[in-house]
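In the numbering used here, the protein residues as written are 2 to 108.
Notes follow once the structure below has been shown.
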C-alpha cells in the first residue's frame with residue numbers, strides 16, 4: 002500500500018494533466034475530496050485514493066458524474082448533443098472551404 006505526501010500527490014496529478022499546485026491539492030484534501038491519513042501532523046494519501054480522485058474528477062460535469070439524478074444526466078447529454086451538432090456544422094463549413102480552395106467540386 003503506497004502513500005504519497007502532498008508534493009508527490011501534486012506531481013501525480015500533474016502527470017495526469019491537472020493544473021494544480023500544492024495549495025490546491027491541500028484544499029482538496031481538507032475538503033475531503035482527496036481522502037488522506039494524518040500521520041504526525043503530515044497528511045499521507047493512499048495511491049488508490051489519488052487514482053480514485055482522478056477518475057471521479059475526470060467525469061465531473063458530464064452525464065457520467067457519480068451521484069447525479071437522471072434529469073441532470075439527460076440535460077447534460079442534450080447539451081453535449083447540441084455542442085456536437087455545432088461542431089459538425091463547423092467542420093462541414095471548413096471542409097467545403099478546403100474543397101473550394103483545392104478546386105474539388107461537391108458531388
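Idealized CB from N, CA, C, for every residue including glycine.
Keep in mind it's a predicted model, so treat the numbers as computed, not measured.
DSSP places residue 38 in the strand class (E or B) of the three-state scheme.
Rounded to whole angstroms, the gap between the alpha carbons of residue 4 and residue 36 is 11 Å.
With a threshold of 16 other beta carbon atoms within 10 Å, residue 89 falls short and is exposed.
Under the 10 Å beta carbon count, residue 73 is surrounded by fewer than 16 other beta carbons and is classified as exposed. Restricting attention to 83, 94, 6 and 85, the CA atom closest to the CA of residue 41 is found in 6.
Per DSSP, the continuous beta strand (DSSP E) segment holding residue 44 begins and ends at 43-47.
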